[in-house]
Every structure is written in structure tokens, then in C-alpha cells.
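In short: position in the sequence shown from 1, add 4, done, that's our numbering.
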Amino acid sequence: MKRREFLKKSLSTGTATLCTVAAAGSAEARENLKPKEDAIGMLYDSTLCVGCKACVYKCKEVNGMPPVQESEIYAWDEARDLSGDTMNVIKIYQDGTAAVKDSEVDGFAFEKRSCMHCVDPGCVSVCPVTAMRQDPITGIVTHHADVCIGCRNCMVGCPYNVPQFEYDDAFGQIIKCQMCNQKGVERIDKGMMTGCAEACPTGATLFGSRTELMAEAKRRMDLKAGEIYNYPRGDVRTPDSFHEKEVPEYKKHIWGETEAGGTNVLHISSVSFDKLGMPPLGDRSAASIAEGVQHSLYSYLALPAVALAGLAITVRRNTDDKEEEL
Ligand code: SF4
Ligand code: SF4
Ligand code: SF4
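If you want it as C-alpha cells, here you go:
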């Protein structure tokens, strides 16, 4: 075989190999995970929240964490953001005179921050030792300190900046809301609701199955502003009580229905979510994209070996041709 012909054959073998590997890689890019049939979650309705922080206090109590107190005169929890000391926080949006509740202009609104218990969680996807896990039945995402190696990949993999690290502790650990169901607490396994939903006096934090919470959120989206609605409190499936309230002008947006593959903790509001500090997210989960790319990269690592095999076949054919000519 002439040198030019050999190179041409080798090149076409290599190109064919590359195409095969690329096609295999893109075919492996997986879809978003779907919500679990029996997923457990919460619905936070910002328009019902009065900013009392009973949920923050109860979260600390359930998880055995002391309240964050910056001043001596204020006995309530003063945490302003999630940290190694705080798994749940109430934040405030303010504009202009901040006189009108749930108004974007000259108004204010509350927003709860805790783990969203993603349907396709980035923290689980990036954890190299399965210290972050998703329950296959409830979809609850929990951190397991006994196997965590402290790499903090989960802090980077979370689009909501939820996992925090106990920087003040020499044996610091990752801290995040475990839906009150980690070892030693297990409120959900015991048939209880989450601490924050139990403590919330207005039903702004409502507990239940994702399916029923989604139905409740959609019901609220369909209500007319100004009409009276009977809002449930506690567990959406077996409410402790109801209270009547005038329906606000909701934004027709249920946060967590689709964002980054969806979440089991849903939020609704009268103020747009970008103003409430939610991150800009598309419908694809970062985990589905990253795991697809990762798979393709691993496939491409096989490329030199496969290309070498292609060259070997070409050389072998050439040798056989020569032997036949002899
Ligand atoms: S919000 Fe963050 S920490 Fe919580 S499940 Fe989603 S990715 Fe994980
Ligand atoms: S579910 Fe439990 S851990 Fe999570 S924010 Fe509510 S009280 Fe805190
Ligand atoms: S307990 Fe309820 S009303 Fe009070 S701050 Fe928390 S979510 Fe809002």
C-alpha cells in the first residue's frame, strides 16, 4: 500500500471511530429524573408569611442548634442567611418605602430559604462518596456525616447555595435541611410533619405529598384576586385548621414545578422570584447535563485505544494484501 493510501485509510478509520464514540456519548446524556410517586415536600406561600420566624426557631429546636443572637435584647433568632448554624431562614425583599406587603413597588415580601429537596439533586450527583443521598420513596435529600470526606463538592453542585459548612468547628461538617428526617430526628418516618410546617401559625409553610401540594398551589393560581379562600394549615392532607383570607394577586408561577428538573419544596408568591433572590434556572437539571458530559468524556478517553485498534486493522489488512501478492 502506498503511503498516501495508507494515511487516507487510517484517517477514515479514525474519523469513523470518532463519530461512533461521539454518537455513543450524546446518546448517553440522560433525561431529568422524574418526581417520585410518593414524594414528600412543602409548599411555601410567601403571601401568607408574616415573618414571625417561628419556623426558624422550631428548626433550631428540632435539630438541636442554638439560635443565632447578635444582640442581647432580642431573644428570637437573628440569622440573616443560611450558615453552619442555620438550616432555615426567612429573608426580606424591600422596595422604596416598603409600605405595602407583597408589592414589588414600594413594598416588601418574605422568602423562606432552606433545602428545596430537588427532584434531580445536583448535590447528590456531584458527591463522590454518596454522603448526599435521595430517598427512593420520599425523594428527601439527606447528608450523611459518617461517610462525608469534607470535599464540599455539594456546595458547588447546589444551584440554591444550600449546603453550608461549619467553618467555626475544628471537626466541621456540611449542614443542610434534612426535611427533619435524619438519624435521631426521623419526624417523617414517625408520621409527623416537618418542624417548620408544624410551627407556622398561618400555613405559609404547608407540609404534605408533592402531588397534593402541587394541586393546592394550582388551585391558588386559579383563584381570583379579592375573593375569600379557606387556607389550610399544617399537613395539606389532614389540615390542623383553616383560616379565611382575601386572595392576593399571585404571580402565575409555581417555583419548583419545572426549575432545574423541579423541586419537592414548592414556592408561590405575589412578587417575582428573581426579586426574591431565586437563581435563574432552566428546566434541565445540572445533574442530567453534567452526568451526560461526564459519560461522553469517559467515552472519549477510550478514543486513543479504539483509534490504535483501527490503525492495527489497517496495517493488518495491508500485511495480508502483501502476503496474498507473494
Ligand atoms: S437545594 Fe441544593 S442541597 Fe437541596 S437537594 Fe437541591 S441541590 Fe441538594
Ligand atoms: S424541614 Fe426541618 S430541617 Fe428543614 S427547614 Fe423545616 S424544620 Fe428545618
Ligand atoms: S413560621 Fe410561617 S409565617 Fe412565620 S416566618 Fe415562618 S413561614 Fe413565615
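From the three backbone atoms N, C-alpha and C, an ideal C-beta is built for every residue, glycine too.
Since we're looking at a predicted model, the values are computed, not measured.
Cα-Cα separation between G111 and V60, rounded to whole angstroms
Near 23 Å, if we compare the C-alpha coordinates of V60 and G111.
Does ligand 1 have even one heavy atom less than 7 Å from the beta-carbon of P39?
With a cut-off of 7 Å, the C-beta of P39 is classified as distant from ligand 1, since no heavy atom of the ligand falls inside that distance.
Can you tell me whether DSSP reads G238 as helix, strand or coil?
For G238, the secondary structure class from DSSP, reduced to helix, strand or coil, is coil.
Distance check for N165 and F10, CA to CA, integer angstroms please.
Since pLDDT at F10 reaches only 41, below the 50 mark, its modelled position is unreliable, and the value read off the structure follows with that caveat. Counting only the Cα atoms, N165 lies some 55 Å from F10.
Flag this pair as touching only if the segment 53-72 and the segment 84-100 have three or more C-beta atom pairs under 8 Å; answer yes or no.
As far as the Cβ criterion goes, the segment 53-72 touches the segment 84-100, which means the pair count is three or higher.
Determine, using beta carbons only, whether G88 and F169 come nearer to each other than 8 Å.
The answer is yes: Cβ separation under 8 Å.
Taking contact to mean 3 or more Cβ pairs, one atom from each stretch, closer than 8 Å, check whether the segment 231-239 and the segment 69-76 are in contact.
Taking a contact to require three or more Cβ pairs closer than 8 Å, the segment 231-239 and the segment 69-76 do not qualify as touching.
What did DSSP end up calling H147 once you bin it into helix, strand or coil?
Strand at H147.
8 Å Cβ shell around R224 - same chain, five flanking residues per side excluded
Cβ within range, chain order: D49, Y233, V251, Y254, I272.
Please report the Cβ distance between G143 and A43, rounded to the nearest whole angstrom; I am assuming they are in contact, meaning their Cβ atoms lie under 8 Å.
The beta-carbon distance between G143 and A43, rounded to whole angstroms, is 4 Å. This is short enough to meet the 8 Å contact definition.
Out of V109, E216, T267, E35, which one is the CA nearest neighbour of L285?
Closest in alpha carbon position to L285, among V109, E216, T267, E35, is T267.
Whose C-alpha, out of P132, E248, G195, is nearest the C-alpha of E231?
It is E248.
Could you tell me which of C162, M183, D85 sits nearest to V145, measuring between CA atoms?
Relative to V145, the option among C162, M183, D85 whose CA is nearest is M183.
Give the single residue among A221, Q138, L86, A102 whose Cα lies nearest to the Cα of Q186.
It is Q138.
Closer than 7 Å to a non-hydrogen atom of ligand 1 - does that hold for the CB of C162?
Yes, Cβ of C162 sits closer than 7 Å to a heavy atom of ligand 1.
Which same chain residues, not among the five before or five after G195, have their C-beta less than 8 Å away from its C-beta?
Non-local C-beta neighbours of G195 in its own chain, meaning closer than 8 Å and more than five positions away in sequence, are absent.
How would you call A103, buried or exposed, if buried means at least 16 neighbouring beta carbons within 10 angstroms?
A103 counts as exposed, since fewer than 16 other beta carbons sit within 10 angstroms of its beta carbon.
Among M197, H257, K256, K222, nearest to T242 - alpha-carbon criterion:
Minimum Cα distance to T242 is reached at M197.
Please report the straight-line C-alpha distance between L47 and V133, rounded to a whole angstrom.
One alpha carbon belongs to L47, the other to V133, and they sit about 31 Å apart.
Proximity of P283 and P163 at Cβ, strictly below 8 Å:
The answer is yes: Cβ separation under 8 Å.
Is DSSP giving R34 helix, strand or coil here?
Of the three classes helix, strand and coil, the one that applies to R34 here is coil, per DSSP.
Between which residues of its own chain and K57 is the CB-CB distance below 8 Å, once the five residues before and five after are set aside?
Residues W80, D81, I94 of the same chain have their beta carbon placed closer than 8 Å to that of K57, with the five preceding and five following residues left out of the count.
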